[in-house]
Amino acid sequence: MKPAMNLGKRIYAGLFLITFSTLMYEVLLTRIYSVTMWYHFAFMAISIAIFGMSAGAILVYLLPRFFREERAKSNLSAFSFLYAISIFLSFLLQLDLPSMKNGDGIGFHSLAFTYITASIPFFFSGVCVCIALTKFTKQVSRLYAADLIGSAAGCIVLIQVLEIVDAPTAAVAVAFFGCMASFMFAAEAKMFKLKLVGAVCSLLLLLFVFWHTYLSYREIPVLKLKWAKGHREPAAYLYERWNSFSRITVSGNPHANRQPFGWGLSPACPPDQTTKELKLEIDNAAGTVLTGFDGDLGDLEYLRYDITNLAHYARPDSDVLVIGAGGGRDILSALVFKQKSVTGIEMNDAIVSAVNDRFGAFTGHLDQNPRVTFVSDEARSWVTRQKKSFDIIQLSLIDTWAATSAGAFVLSENSLYTVEAWNVFLKHLSPDGILTVSRWYHRFMPGEMYRLSSLAAASLRQLGVTRPRNHMVIVRRMLNGSAMNPDGIGTLLVSRRDFTNAQLETIEATAGAMGFEVVFSPRSAVDPFFTQIVSAKNIEPVAEAYPLDITPPTDDDPFFFNMLRIRDAFNPELWEQGNVRFNMEAVFVLAELLILVLILTLLFLVLPLLLKRNGTSLAGSLPLFIYFAGIGFGFMLIEISQMQRMIIFLGHPTYGLSIVLFSLLLSSGVGSYLTEKLQNQRPLYVQILFLLLLILITYGLATPHFIDAFEGSPTPIRILSAIAGLIPLGLFLGMAFPIGIKVAADKWKEVTPWFWAINGTTSVTASVLAIAISMNWTIGSAFWTGFVCYGCSFLSLGWLSRASILSWRRSRLKKGHEDAPPRWKSLEEW
Numbered sequence: 017m018k019p020a021m022n023l024g025k026r027i028y029a030g031l032f033l034i035t036f037s038t039l040m041y042e043v044l045l046t047r048i049y050s051v052t053m054w055y056h057f058a059f060m061a062i063s064i065a066i067f068g069m070s071a072g073a074i075l076v077y078l079l080p081r082f083f084r085e086e087r088a089k090s091n092l093s094a095f096s097f098l099y100a101i102s103i104f105l106s107f108l109l110q111l112d113l114p115s116m117k118n119g120d121g122i123g124f125h126s127l128a129f130t131y132i133t134a135s136i137p138f139f140f141s142g143v144c145v146c147i148a149l150t151k152f153t154k155q156v157s158r159l160y161a162a163d164l165i166g167s168a169a170g171c172i173v174l175i176q177v178l179e180i181v182d183a184p185t186a187a188v189a190v191a192f193f194g195c196m197a198s199f200m201f202a203a204e205a206k207m208f209k210l211k212l213v214g215a216v217c218s219l220l221l222l223l224f225v226f227w228h229t230y231l232s233y234r235e236i237p238v239l240k241l242k243w244a245k246g247h248r249e250p251a252a253y254l255y256e257r258w259n260s261f262s263r264i265t266v267s268g269n270p271h272a273n274r275q276p277f278g279w280g281l282s283p284a285c286p287p288d289q290t291t292k293e294l295k296l297e298i299d300n301a302a303g304t305v306l307t308g309f310d311g312d313l314g315d316l317e318y319l320r321y322d323i324t325n326l327a328h329y330a331r332p333d334s335d336v337l338v339i340g341a342g343g344g345r346d347i348l349s350a351l352v353f354k355q356k357s358v359t360g361i362e363m364n365d366a367i368v369s370a371v372n373d374r375f376g377a378f379t380g381h382l383d384q385n386p387r388v389t390f391v392s393d394e395a396r397s398w399v400t401r402q403k404k405s406f407d408i409i410q411l412s413l414i415d416t417w418a419a420t421s422a423g424a425f426v427l428s429e430n431s432l433y434t435v436e437a438w439n440v441f442l443k444h445l446s447p448d449g450i451l452t453v454s455r456w457y458h459r460f461m462p463g464e465m466y467r468l469s470s471l472a473a474a475s476l477r478q479l480g481v482t483r484p485r486n487h488m489v490i491v492r493r494m495l496n497g498s499a500m501n502p503d504g505i506g507t508l509l510v511s512r513r514d515f516t517n518a519q520l521e522t523i524e525a526t527a528g529a530m531g532f533e534v535v536f537s538p539r540s541a542v543d544p545f546f547t548q549i550v551s552a553k554n555i556e557p558v559a560e561a562y563p564l565d566i567t568p569p570t571d572d573d574p575f576f577f578n579m580l581r582i583r584d585a586f587n588p589e590l591w592e593q594g595n596v597r598f599n600m601e602a603v604f605v606l607a608e609l610l611i612l613v614l615i616l617t618l619l620f621l622v623l624p625l626l627l628k629r630n631g632t633s634l635a636g637s638l639p640l641f642i643y644f645a646g647i648g649f650g651f652m653l654i655e656i657s658q659m660q661r662m663i664i665f666l667g668h669p670t671y672g673l674s675i676v677l678f679s680l681l682l683s684s685g686v687g688s689y690l691t692e693k694l695q696n697q698r699p700l701y702v703q704i705l706f707l708l709l710l711i712l713i714t715y716g717l718a719t720p721h722f723i724d725a726f727e728g729s730p731t732p733i734r735i736l737s738a739i740a741g742l743i744p745l746g747l748f749l750g751m752a753f754p755i756g757i758k759v760a761a762d763k764w765k766e767v768t769p770w771f772w773a774i775n776g777t778t779s780v781t782a783s784v785l786a787i788a789i790s791m792n793w794t795i796g797s798a799f800w801t802g803f804v805c806y807g808c809s810f811l812s813l814g815w816l817s818r819a820s821i822l823s824w825r826r827s828r829l830k831k832g833h834e835d836a837p838p839r840w841k842s843l844e845e846w
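Going by our numbering, the sequence shown opens with residue 17, and the numbers climb by one from there.
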């Protein structure tokens, strides 16, 4: 047997930098693609790109002579340099690619080219990581620890980097860290020329980062996106700012008068009403307006004609809470109606900064108005902590269309639209307070409004209301007043008490004067299906008869916007939902992606065997195949399900992403390190996997109660409690992979790159599968599926180690026999 190759600290540092920058780049691409593509294509792009890492591992497996152990250090140097350069070049290429328009195939080829170019850096990264983990198997525990800890650090650092620089600058920063990895590997391999090249390139990239950051702050960047959602980006914006979960842009002419913007404006609104407005967009998809305000509320009388403001007529002289303050339009509406006070909650601090600082003179410095309070926080957790109540709580077209840092479907759930969230809001209403929620109303298939009414009825029933209908009113405004235009706005009013006759008369009179239609109330129902939904004590039979999913979302199934069932994903007739059609298409894309990744996974598993028939014998390795596939599926299913739960618990997509990834990856790295001294101890390996199963059972049962216990705590306490809760789980999750590599190295060392590829491909597949399971069933179902996968790995390792376990058991019995008192000896002999 060859002696283990001596590894210097620079190998560990280089691997840390590779995985650090790889995770940074993965999250960064998701952030960029959520601007340039529709979010479901962004998710697909990242999923396919990460397959590049497994492709790199398969290359190492297929070319064992080129990637032999003696050349490991020099190969690490070369491929890490290729990784760094490919980040820079592929990103430059992608800036010039026109992206696909939603719903058509104009940009199909550019989309395919995007997938290919995005995969290249991950391919080189996969080669590097595979070399490190499979060529130095004696040190795999420490190396895998460096791998995971680097990934954990990359997640946290990118979030902070995007608070300082824009995304194109961040991409160059990622390339800088890749070059630094090449420098470290070259120094260890004593490759002077490559070391010098790595140092020079690192310096140039770092200088470019500082220079471009300066240009960006002066709003004259050299690198910038040229295409977004199939359209050319304008030459310049009035304002542009990136952070870890959005890109904010402001455009328009601040001096021009125009017709006021409003999806729900009444046809009775005086046509001579004009105002000054700027357009604020989040990731080129979710838009709002900044309204010019010089202190004269008389100029904003048109806001009285918006259907989203109907609650102000029914509940005057109120303390108002606006969830999703955005550009301040709903805050101005409360001021126009002379409400006592208005509190605006906005979780995106970049929007708050744009409204009150950068464009404060234009918007009238609303934050300085004595009746106005701005809160930069997540609404649900903030409301939970409040002791005061509100007379009106308003949510107007609040959604999460744009992909966040964790990637599209993972974070498309919305903690504002669940039964548990609405219980919080209703409990914080004054006795005669009103919750007002506005969503899109499709004339022929109003799925969102049906689901909203189902959600309201379920929430009221949980609070002890026996006749939810007496507490609900739905009013709609069809756009253009045309039956040919399927889009409209519906406003749902939910009262803590029964609506009074006076309130109902006010709502009906106002709706009549404005040209709105009351479609459901305690008195009438234009659409009888609303009556069925609200009256049903068991919504399941009613919902099952409807083509879309209109069951009330819960914290365990929080996908309010994804109403298309996966079984109906290939039925385009059900996609027709007007302005939110792409939420229907997203489920189709998810189904397509699941099929695609399953095919790719099979190819990645089978092709290497076909291409290398005369290689090392794989006889007896089936249990290891199952083991690595099981931990690949299991880890990602557990990680994503916990991430989804933490988004609800922490109330912020970025918190959910960063806390779960950082805690699990960091503690998994520590767990991997703890296996360093465990060599050829298979019975102990099996015991560790058994303990992991016990911990998973504990987490699966305890997490919902844990969330309930800490939900009302301040954000720092919730973050600390989440970290403390995730660390023990991560410790044991991190032990599984190095244990598998140690077992594989005993007999199948040359095949370990293939096992690493199995682990990687199944992880990517599981990332898609986790979303499909969560959306079709529940988040808990995804978690327990991950548990079953780890159970399969446990059984496989037990079968593979059965001889060692029997030998260990005999030695323990023999030792116990020798040490036992005479009485026990006689019993054993008997």
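Positions of the beta carbon are idealized from the N, C-alpha and C atoms, including for glycine.
Computed from a predicted model, the values in this text were never measured in an experiment.
Take the alpha-carbon of Val453 and the one of Ala561: they are about 25 angstroms apart. Within the stretch 148 to 213, the runs of alpha helix (DSSP H) at least 4 residues long that lie entirely inside it are, in chain order, 156 to 177, 183 to 205.
Thr46 counts as buried, since no fewer than 16 other beta carbons sit within 10 angstroms of its beta carbon. When the Cα atoms are used, Phe390 and Val173 turn out to be separated by approximately 28 angstroms. The Cβ-Cβ distance between Ala472 and Leu508 falls below 8 angstroms. About 11 angstroms separates the CB atoms of Val371 and Ser392; that is not less than 8 angstroms, and the two are not in contact. The alpha carbon of Ser90 has as its nearest neighbour, out of Ala197, Ile66, Met53, the alpha carbon of Ala197. Minimum Cα-Cα distance from Phe375 among the listed residues Thr617, Val266, Glu179 corresponds to Val266. Counting only the Cα atoms, Cys195 lies some 7 angstroms from Ala215.
Under the DSSP assignment, Leu319 falls outside any alpha helix (DSSP H); it carries neither an H nor an E label. As the crow flies, the alpha-carbon of His721 is around 22 angstroms from that of Leu747. Cβ contact annotation for Met791 (same chain, cutoff 6 angstroms, sequence separation greater than five): Phe575, Asn578, in chain order. Of the residues assessed, His328 falls on the buried side of the cut-off, its CB having 16 or more other CB atoms within 10 angstroms. Of Ile787, Ile755, Ser783, Leu785, the smallest CA-CA separation from Trp772 is found for Ile755.
Burial check for Pro730: the Cβ neighbour count within 10 Å stays below 16, so the residue is exposed. Residues of the same chain with a CB within less than 8 angstroms of the CB of Asn554, apart from the 5 flanking positions on each side, do not exist.
Secondary structure at Lys443: helix, using DSSP grouped into helix, strand and coil. Non-local beta-carbon contacts of Ile654 in its own chain, meaning distances under 6 angstroms to residues more than five positions away in sequence, involve Gly802 in chain order. When C-alpha distances from Ala541 are compared across Tyr671, Pro568, Met488, Ser511, the shortest belongs to Met488.
In the DSSP assignment, Arg257 falls within the beta strand (DSSP E) that extends over 255 to 259.
With 16 or more other Cβ atoms from the protein chains shown falling within 10 Å of its own Cβ, His228 counts as buried. The criterion of a C-beta distance shorter than 8 angstroms is satisfied by Phe536 and Ile490.
In this structure, the beta-carbon distance from Val190 to Ser37 falls below 8 angstroms. In summary, Asn269 is exposed, with fewer than 16 beta-carbon neighbours lying within 10 Å of its beta-carbon over all protein chains present. Between Leu39 and Cys171, the gap from beta carbon to beta carbon is short of 8 angstroms. Look at the beta carbons and you see the stretch 101 to 108 not touching the stretch 200 to 213: under three pairs across the two are nearer than 8 angstroms. DSSP, reduced to helix, strand and coil, places Met69 within a helical segment of the structure shown.
Annotation: Val676 to Ala738 spans about 8 angstroms, alpha carbon to alpha carbon. Per the C-alpha coordinates, the member of Val336, Met53, Arg26 positioned closest to Trp243 is Met53. Within the same chain, Ser218, Leu221, Leu222, Val225 come within 7 angstroms of Phe192 by CB-CB distance, once the 5 residues on both sides are set aside.
In the three-state scheme derived from DSSP, where H, G and I count as helix and E and B as strand, His271 is classed as coil. Contact between Gly72 and Gly142 holds, since their C-beta atoms are separated by about 3 angstroms, short of 8 angstroms. In this chain, the alpha helix (DSSP H) harbouring Asp724 covers 698 to 726. Of the residues assessed, Gln703 falls on the exposed side of the cut-off, its CB having fewer than 16 other CB atoms within 10 angstroms. For the set Leu717, Arg734, Gly636, Val686, the Cα lying nearest the Cα of Val759 is the one of Gly636. Under DSSP, the beta-bridge partners assigned to His247 are Ala244.
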